[in-house]
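Here's the structure we're looking at; comments come further down.
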Amino acid sequence: MNHRIGMLLVVVGVTVALGLTSSSTAVAARTPFGGAGDDEHRAVDLLRRSASAMRTTSYSGTRMLSAWGRDDATTVLVDVEHVAGQGTRMSIRGGGIAEDTATFLAGRPGRPGHASGLTLEAFDLLTDTYAVTLGPRDSVVGRPSTVVEVSRADAVAARLWIDDRSGLLLRREVFDRSGQLARESVFIDIDVTGSEFMAHLPPATPEPAARGVGLADRQGLRAAGWDCPPQAGIMRLVDIEALDDTGGSETLHLTYSDGLTRMSVFEQRGSLDAESMRGFERLRLGRQVVHVRDGLPTYVMWEDAGLVFTAVTDGPLHSVADMVARRPQDPGDDLPFWERVASGLARLGGWASPLL
Amino acid sequence: MNHHLGDQVAAFVDGELDFARRERALAHLSECAGCRDAVEQQRSVKTRVQTLPGAEPSADLISALNRVPADPQPCGDPAPAHWHPPESPARRGGLLVAGVGSIAAGFIGMAYVVGGAGAAEETPVSPPVGQFSVEYAGTDQPMPFTDPALDVLPVIGTRTPAGGP
């Protein structure tokens with residue numbers, strides 16, 4: 001009990017302190033230093049340095065993650081120990097999590113902690129989608145840092161605090177389309193003195209079972225009745241995988257990203273079973289009725305044109321809105337002519353002789 | 357404004373749309389006269405097909421066929437008082453082919469229209485959210501500025517024993 005009260009006090013205290021810092025940052029952000037062109041180049045260079053530091057620097061500390069939904073907020077504290085090249089040990093508290101959450105996330109290509117992870121393509125995804133500019137200087141947990149603003153069409157999509165000394169990302173804010181803070185990740189304590197190889201590891205995260213399909217087969221999948229748009233709003237389709245056994249049916253796994261957040265979209269043929277929507281909130285998103293569980297991450301389920309979609313994203317709900325808003329291509333549009341005629345003849349036959 | 361029903365008209369008329377799609381279709385029909393017309397036409401076609409009588413040749417057709425001479429009239433014969441120019445077998449054959457072709461084309465067109473994939477049967481699906489969370493967390497997509505904890509949170513409770521040293 002005392003432990004819970006202690007953690008609550010820590011969360012409230014840090015939230016108040018960060019609120020004050022955010023206010024000062026918001027004011028200071030109106031007067032970025034340097035010219036616009038210089039700003040952008042320097043911001044890109046700083047982000048490159050930071051992306052590299054996230055791969056090659058070991059650290060330990062505590063992070064606070066928060067997600068603001070439509071009605072409430074979720075906050076968790078994460079004790080983290082990261083050894084470059086090996087992986088990250090994490091223990092999560094709060095957010096209604098009661099069990100022992102000590103977990104090991106192995107460093108893999110693509111993950112921020114992996115030594116050979118970041119590719120030029122991944123970095124370009126961010127800078128292609130957004131404009132990045134230098135914001136004001138600030139400090140996070142007493143460490144001098146520089147704010148990089150990520151924006152699109154003059155609306156700030158995110159702010160990133162980069163540690164001046166180590167280049168590590170100390171704080172990250174993501175905003176929704178209305179400009180409201182939707183996601184935040186911030187160190188409330190950090191030690192960058194370097195960590196040794198971790199010998200005793202907690203349980204690892206499960207390995208995925210999907211097999212790679214690749215973007216090259218997108219047209220073939222489309223012809224087979226799957227919906228694989230190359231873009232979902234500003235998010236770009238970056239990978240396609242398949243799961244052969246998900247309750248007896250095949251599932252397509254599409255991964256989208258804008259370089260800032262990512263979204264997995266799982267597609268199954270059929271209609272959404274009402275039983276599977278327990279625990280989800282039913283609401284209308286554009287033209288569609290969807291079933292949402294907002295948080296870290298956010299889940300959205302809906303059905304359209306004979307396909308059931310399940311989107312999972314670390315971004316705000318609006319990240320999914322563009323995928324929901326588009327109408328999937330009707331699989332009938334791609335039926336070969338004579339197959340469609342045969343289907344129609346069968347239907348006409350059924351009308352003429354209902355017992356057939 | 358919702359999208360037009362398109363190929364789903366036939367499935368709607370046959371009551372084959374699932375609940376959600378039927379709800380959307382009904383909502384759309386309440387505001388789209390074009391789709392209401394399409395549904396009415398489809399219902400009309402279905403009714404006509406269902407009420408077609410058995411294929412019995414009419415008496416007129418049998419009578420006309422009986423009057424067809426076995427051999428063509430020789431050239432130069434005087435024409436009878438109510439004579440109509442006889443049609444050559446080639447012309448009759450052409451007309452027959454054209455008629456059958458037209459009917460077939462119309463039938464194929466009708467079959468194409470009602471043969472959209474809206475008729476496909478849809479089985480109920482329960483997305484395995486836990487398995488999807490694992491796949492989401494395990495995505496090997498380079499994301500330079502995300503928090504690794506965001507990969508762990510979805511899969512707490514679905515972990516396996518550590519395999520590392």
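Respectively, the protein sequence lines represent chains L and E.
If you count the first sequence from 1, position 280 lands on 280 in our numbering, and the numbers rise without skipping.
If you count the second sequence from 1, position 154 lands on 510 in our numbering, and the numbers rise without skipping.
The beta carbon of each residue, even a glycine, is placed where N, CA and C say it ideally should be.
A quick note: this is a predicted structure, and the numbers were derived from the prediction, not measured.
As assigned by DSSP and simplified to three states, the class of residue i
| i | result |
| --- | --- |
| A342 (chain L) | helix |
| P112 (chain L) | Bear in mind that a pLDDT of 45 at P112 (chain L), under 50, signals an unreliable position, so the number given afterwards is only what the model happens to contain. DSSP places P112 (chain L) in coil when its eight states are reduced to three. |
| D217 (chain L) | helix |
| Q487 (chain E) | helix |
| I459 (chain E) | helix |
| Q397 (chain E) | helix |
| A153 (chain L) | coil |
| Y130 (chain L) | coil |
| F501 (chain E) | coil |
| A224 (chain L) | coil |
| I234 (chain L) | coil |
| G349 (chain L) | helix |
| D79 (chain L) | strand |
| P445 (chain E) | helix |
| G270 (chain L) | coil |
| V192 (chain L) | coil |
| V141 (chain L) | coil |
| F123 (chain L) | helix |
Endpoints, beta strand (DSSP E) assigned at residue i
| i | result |
| --- | --- |
| L260 (chain L) | No beta strand (DSSP E) contains L260 (chain L), which DSSP labels as neither H nor E. |
| M277 (chain L) | Here M277 (chain L) belongs to no beta strand (DSSP E), and DSSP marks it neither H nor E. |
| S58 (chain L) | Per DSSP, S58 (chain L) belongs to no beta strand (DSSP E) and is neither H nor E. |
| L169 (chain L) | L169 to F175 |
| V312 (chain L) | L307 to T313 |
| E372 (chain E) | Where E372 (chain E) is concerned, there is no enclosing beta strand (DSSP E), given that its DSSP letter is neither H nor E. |
| V300 (chain L) | T298 to D304 |
Given residue i as reference, the closest of the options once Cα atoms are compared
| i | options | result |
| --- | --- | --- |
| M54 (chain L) | L:W338, L:W161, L:L168 and L:Q268 | L:L168 |
| T251 (chain L) | L:T127, L:V289, L:P202 and L:T310 | L:T310 |
| F187 (chain L) | L:T205, L:P229, L:V141 and L:L307 | L:V141 |
| A224 (chain L) | L:R269, L:L317, L:M90 and L:E196 | L:R269 |
| H253 (chain L) | L:D176, L:D227 and L:D273 | L:D227 |
| S185 (chain L) | L:T74, L:P203 and L:T127 | L:T74 |
| F123 (chain L) | L:D71, L:A153, L:A51 and L:S91 | L:A51 |
| D138 (chain L) | L:W161, L:D217 and L:T255 | L:W161 |
| F266 (chain L) | L:G295, L:R287 and L:V320 | L:V320 |
| V147 (chain L) | L:L134, L:A274 and L:I190 | L:L134 |
| A84 (chain L) | L:S60, L:A209 and L:L47 | L:S60 |
| D191 (chain L) | L:E207, L:R165, L:V290 and L:D154 | L:R165 |
| T261 (chain L) | L:R89, L:G233, L:R327 and L:L201 | L:G233 |
| L201 (chain L) | L:V324, L:A153, L:G349 and L:T101 | L:T101 |
| V156 (chain L) | L:L170, L:S145 and L:V174 | L:V174 |
| P316 (chain L) | L:R63, L:G69 and L:H41 | L:G69 |
| D322 (chain L) | L:V300, L:L105 and L:V341 | L:V300 |
| D217 (chain L) | L:A199, L:T205, L:A242 and L:P208 | L:A242 |
| V312 (chain L) | L:V78, L:G295, L:R326 and L:R327 | L:G295 |
| P208 (chain L) | E:A505, E:L509 and E:G494 | E:G494 |
| E387 (chain E) | E:L361, E:A367 and E:L373 | E:L361 |
Alpha helix (DSSP H) segment containing residue i, residue limits
| i | result |
| --- | --- |
| V289 (chain L) | Not the alpha helix (DSSP H): V289 (chain L) falls in the beta strand (DSSP E), residues Q288 to R293. |
| F368 (chain E) | Q364 to V369 |
| S386 (chain E) | No alpha helix (DSSP H) holds S386 (chain E); DSSP gives it neither H nor E. |
| A325 (chain L) | H318 to A325 |
Residues bridged to residue i (per DSSP)
| i | result |
| --- | --- |
| A242 (chain L) | L:R211 and L:L252 |
| P202 (chain L) | Paired residues: none, contrary to the question. |
| A420 (chain E) | BP columns for A420 (chain E) are empty, so no partner. |
| G87 (chain L) | L:V83 and L:A106 |
| G450 (chain E) | For G450 (chain E), which the question treats as bridged, DSSP gives no partner whatsoever. |
| R282 (chain L) | L:H291 |
| A158 (chain L) | L:V150 and L:V174 |
Burial state of residue i, where buried means 16 or more other Cβ atoms lie within 10 Å
| i | result |
| --- | --- |
| S58 (chain L) | buried |
| Q398 (chain E) | buried |
| D304 (chain L) | buried |
| F337 (chain L) | exposed |
| L215 (chain L) | exposed |
| F197 (chain L) | exposed |
| E281 (chain L) | exposed |
| I240 (chain L) | buried |
| G486 (chain E) | exposed |
| R172 (chain L) | buried |
| G465 (chain E) | exposed |
| D163 (chain L) | buried |
| R377 (chain E) | buried |
| I92 (chain L) | buried |
| P523 (chain E) | Residue 523 (chain E) falls outside the range modelled here, since chain E spans only 357 to 521, and no answer is possible. |
CB contact below 8 angstroms: residue i versus chain B
| i | result |
| --- | --- |
| A493 (chain E) | In the structure shown, chain B cannot be found, because the protein chains are L and E. |
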